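In case it helps, numbering that gives the first Met the number 0 puts the sequence shown at residues 0 to 437.
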Amino acid sequence: MDTAARRREILGLALPATVALAADPLLGLVDTALVGRLGTDELAALGVATAVFTTAFVVFNVLTYGTTARVAQLVGARRPADAATFTVQAIWASLAAGLLVTTVLVTATGPVLDLMGASGDVTEPATTYLRIRAFAAVPVLLVQVGHGALRGLKDTRTPLVVTVVANVANAILSVILIHPVGLGVAGAALGTVIAQGMAAVVFMVIVRRRLPAPSLRPVPSQLATLARISRDLFVRTVSLVVGLAVLTAAAARIDTVAVAGHQVARELWLLSTLMLDGFAIAGQAMVGTALGEGDRARARADAWSLTRWGLGAGVVAMLVYLPLGGVLPGIFTTDPAVIETVGSVWLLVALLQPIGGVTFVLDGVFMGAGDFTFLMGSTVTAVVVGLLPVIALALSRGWGLPGLWWSVVALMVIRVGAQLWRLRGAAWTRVAERQATT
């Protein structure tokens, strides 16, 4: 593949995926902006509850990444029927996991929020929001499988359309339910549940039409394959989201203003990083397909091209964010103390963008290669050696929210260093070849 063709393929996959990924956190931004107008306690409650929700559901993004990698490899190996069978097994896994998550969050809301440091006037709205939004578990996980299957087929345009429609529906529902209806934080949660349910139904219909019709029964051997290729990625994701949840809990232990400011900064950081993740999705599809076809040289060339694109996109994001530190926080809250707190970490949020651009692209490259063991090891190391020690140090020394955010810098620097070292070798290209033959 020549340079021009590679560029067209990268942009053709990455740009729709980037817009779709930007639309997903807009669901959280809409809630943050609307709930922020209700008061600081409600905004802090949303921050704590959202962190719990993210911890509960993002650990299952193995369903997206595992499905993307496996479908791309099997399609590259010209085994579309096997790709369809694998997708059905991922759907069964999402149903089981979703029901489990809903049950846990509804029955153990109090202990979970206590663990997150919620107290005082924050507890009641956080409990309300979390218990309602817990019913989005099954729809969210089905949507993840839908994204994964279509990405593996090198289709990022269809997920974009579904995601945008779902987020528009969420915005309309939230506006109506929060204010005119008067449900407050409960309205924000209910709007999200309805929008995610609609998206799940649409994704399942589309995936059914795009892949050969397999049996809908669980296949133990395929479920075992799903478990095997997802195991390391699951541990990797758990370590990451739990580490970030500890970060939110640490902010909550400072004071209400700190955790409210952290919520705003976190949402804006996630918006930009997930936008950069569009190139990672291109990496999953391109590298997975190339290695499924047995073309290592193309996979390596695609990986390095994507890394350069990720770095460039990260620099652009940094330049856009730097001058907006005094503007964007005001969209989400009118509390001067919260706005000032967000401003105290804004430089770090901006400077993290180029590092994130490379990190997320290489996550996608190694996921496409099925190199989940490396991803697990490098991420767990970054959390244990970088994130958690800096959080503990910041709390013990009273460094406030800026000190806590230096833990994110440590996390990202360790991750990207390990990834670049791995990319220089050839071992990651051989992992997918073994998986494509099973």
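All C-beta atoms in this analysis are idealised placements derived from N, C-alpha and C, irrespective of residue type, glycine included.
Given the structure is predicted, the values throughout are model-derived calculations rather than measurements.
Problem set entry | Length of the line joining the Cα atoms of residue 327 and residue 78 | Here the question's residue 327 lines up with position 328 in the sequence shown. Here the question's residue 78 lines up with position 79 in the sequence shown. C-alpha separation (whole angstroms): 48 Å.
Exercise. How many angstroms separate the CA atom of residue 348 from the CA atom of residue 400?
Worked result: In the sequence shown, the residue the question calls residue 348 occupies position 349. In the sequence shown, the residue the question calls residue 400 occupies position 401. So the alpha carbons of these two residues sit roughly 12 Å apart.
Problem set entry | As assigned by DSSP and simplified to three states, the class of residue 203 | Sequence index remark: in the sequence shown, residue 203 carries index 204 (1-based). Residue state, collapsed to three classes: helix.
Exercise. How about residue 242 and residue 386: are their beta carbons less than 8 Å apart?
Worked result: Along the sequence shown, one-based indexing puts residue 242 at 243. Along the sequence shown, one-based indexing puts residue 386 at 387. Against a cut-off of 8 Å, the Cβ pair of residue 386 and residue 242 comes out as a contact.
For this session: Go ahead and pull the three-state DSSP assignment for residue 261.
Result: Taking the sequence shown and counting its residues from 1, one reaches residue 261 at position 262. Correct three-state label for residue 261: helix.
Problem set entry | Continuous alpha helix (DSSP H) stretch holding residue 295: start and end | What you label residue 295 is simply residue 296 of the sequence shown in a count that begins at 1. Looking at the DSSP string, the run of the alpha helix (DSSP H) that includes residue 295 is 295–320.
For this session: Quick one: which unbroken alpha helix (DSSP H) runs of 4-plus residues sit fully inside the segment 322–409? Chain order, please.
Result: 328–331, 335–342, 345–367, 371–381, 387–396
Exercise. In angstroms, rounded to a whole number, what distance separates the CA positions of residue 406 and residue 80?
Worked result: For the purposes of this step, residue 406 is taken as residue 407 along the sequence shown, with counting starting at 1. For the purposes of this step, residue 80 is taken as residue 81 along the sequence shown, with counting starting at 1. Roughly 45 Å between the two C-alpha positions.
For this session: Report yes if the CB atom of residue 302 is closer than 8 Å to the CB atom of residue 277, and no otherwise.
Result: Taking the first residue of the sequence shown as 1, we reach residue 302 at position 303. Taking the first residue of the sequence shown as 1, we reach residue 277 at position 278. For residue 302 and residue 277, no; Cβs fall outside 8 Å.
For this session: May I ask you to report which of helix, strand or coil DSSP gives residue 266?
Result: As a first step, residue 266 is located in the sequence shown; it is residue number 267 there, counting from the start. Note: residue 266 maps to helix in three-state DSSP.
Problem set entry | Of the residues 184, 311, 339, the one placed nearest residue 257, counting alpha carbons only | Position 258 of the sequence shown holds residue 257. Checked all of 184, 311, 339; the closest Cα to residue 257 is 339.
For this session: Would you kindly work out how many angstroms separate the C-alpha atoms of residue 20 and residue 270, rounded to a whole number?
Result: Here residue 20 refers to the residue found at position 21 when the sequence shown is read from its first residue. Here residue 270 refers to the residue found at position 271 when the sequence shown is read from its first residue. Whole-angstrom Cα-Cα distance: 8 Å.
Exercise. Is the distance from the Cβ of residue 360 to the Cβ of residue 272 below 8 Å?
Worked result: Within the sequence shown, numbered from 1, the residue matching residue 360 stands at position 361. Within the sequence shown, numbered from 1, the residue matching residue 272 stands at position 273. Taking 8 Å as the Cβ cut-off, residue 360 and residue 272 do not qualify as a contacting pair.
Exercise. Can you tell which of 183, 191, 160, 157 has its C-alpha closest to the C-alpha of residue 170?
Worked result: Walking along the sequence shown from the start, residue 170 turns up at place 171. Minimum Cα distance to residue 170 is reached at 191.
Problem set entry | Nearest-angstrom Cβ-Cβ length linking residue 89 and residue 225, presumed shorter than 8 Å | Residue 89 sits at position 90 when you count from the first residue of the sequence shown. Residue 225 sits at position 226 when you count from the first residue of the sequence shown. With 8 Å as the limit, residue 89 and residue 225 qualify as a contact, their Cβ atoms being about 6 Å apart.
Exercise. Using CA coordinates, which residue listed in 315, 377, 198, 290 is at the minimum distance from residue 22?
Worked result: One-based indexing of the sequence shown puts residue 22 at position 23. Closest option to residue 22, Cα to Cα, is 198.
For this session: Spatial neighbours of residue 109 within its chain, please: CB distance less than 8 Å, with the 5 preceding and 5 following residues excluded, ordered by chain position.
Result: Counting from one through the sequence shown, the residue named residue 109 turns up at place 110. Taken in chain order, the residues that qualify are 126.
Problem set entry | the segment 279–295 in contact with the segment 373–380 per 3-pair CB rule at 8 Å | no
Problem set entry | Proximity below 8 Å, CB of residue 438 to CB of residue 298 | As displayed, the chain neither begins before 0 nor continues past 437, which places residue 438 out of reach and without an answer.
Problem set entry | Euclidean distance between Cα positions of residue 410 and residue 65 | As a position in the sequence shown, residue 410 is number 411, starting the count at 1. As a position in the sequence shown, residue 65 is number 66, starting the count at 1. Distance between the alpha carbons of residue 410 and residue 65 is about 23 Å.
Exercise. Less than 8 Å separating the beta-carbons of residue 247 and residue 39?
Worked result: Reading the sequence shown from its first residue, position 248 is the one you call residue 247. Reading the sequence shown from its first residue, position 40 is the one you call residue 39. In this structure, residue 39 does not lie closer than 8 Å to residue 247 by Cβ.
For this session: Give the straight-line distance between the Cα atoms of residue 184 and residue 124, rounded to the nearest whole angstrom.
Result: Residue mapping note: residue 184 aligns to position 185 of the sequence shown, counting from 1. Residue mapping note: residue 124 aligns to position 125 of the sequence shown, counting from 1. Whole-angstrom Cα-Cα distance: 6 Å.
Exercise. Taking the continuous alpha helix (DSSP H) assigned at residue 81, which residues delimit it?
Worked result: The residue you call residue 81 lines up with position 82 of the sequence shown. First-last of the alpha helix (DSSP H) with residue 81: 79–106.
Exercise. Looking at C-alpha atoms only, which residue of 135, 159, 147, 52 is the closest neighbour of residue 71?
Worked result: Within the sequence shown, the letter at position 72 stands for residue 71. When each option's Cα is compared against that of residue 71, the closest is 147.
Exercise. Quick one, which of 129, 421, 240 has its alpha-carbon nearest residue 106's?
Worked result: By one-based count along the sequence shown, residue 106 stands at place 107. It is 129.
For this session: Measure from the alpha carbon of residue 358 to the alpha carbon of each residue in 337, 421, 324, then state which is nearest.
Result: Taking the sequence shown and counting its residues from 1, the one referred to as residue 358 is at position 359. Ranking 337, 421, 324 by Cα distance to residue 358 puts 421 first.
For this session: With distances taken Cα to Cα, identify the nearest neighbour of residue 369 among 69, 138, 86.
Result: Taking the sequence shown and counting its residues from 1, the one referred to as residue 369 is at position 370. Comparing alpha-carbon positions, the option among 69, 138, 86 lying closest to residue 369 turns out to be 69.
Problem set entry | Alpha carbon of residue 73 to alpha carbon of residue 37, nearest angstrom | In the sequence shown, residue 73 corresponds to position 74, counting from 1. In the sequence shown, residue 37 corresponds to position 38, counting from 1. Rounded to the nearest angstrom, the two C-alpha atoms are 50 Å apart.
Exercise. Do you know whose CA, among 427, 102, 260, lies nearest residue 46's CA?
Worked result: Here residue 46 refers to the residue found at position 47 when the sequence shown is read from its first residue. It is 260.
For this session: Kindly indicate which residue of 33, 85, 381 has the alpha-carbon position closest to the one of residue 228.
Result: In the sequence shown, residue 228 corresponds to position 229, counting from 1. Of the candidates 33, 85, 381, the one whose C-alpha sits nearest the C-alpha of residue 228 is 85.
Exercise. Leaving out the 5 sequence neighbours to the left and right, which residues in its chain are closer than 8 Å to residue 32 when beta-carbon positions are compared?
Worked result: Taking the sequence shown and counting its residues from 1, one reaches residue 32 at position 33. Only 330, 331 meet the Cβ criterion.
Exercise. Thinking just about the alpha-carbon of each residue, which of 67, 285, 312 is nearest to the one in residue 4?
Worked result: In the sequence shown, the residue the question calls residue 4 occupies position 5. The option with the nearest alpha carbon to residue 4 is 285.
Problem set entry | Validate contact between the segment 171–178 and the segment 152–160 using beta carbons, cut 8 Å, 3 pairs | Under the Cβ criterion (8 Å, minimum of three pairs), the segment 171–178 does not count as touching the segment 152–160.
Problem set entry | Per-residue burial, residue 414 [other beta carbons within 10 Å of its own, 16 or more giving buried] | Counting from 1 along the sequence shown, the entry for residue 414 is found at position 415. Buried, by the Cβ-count rule.
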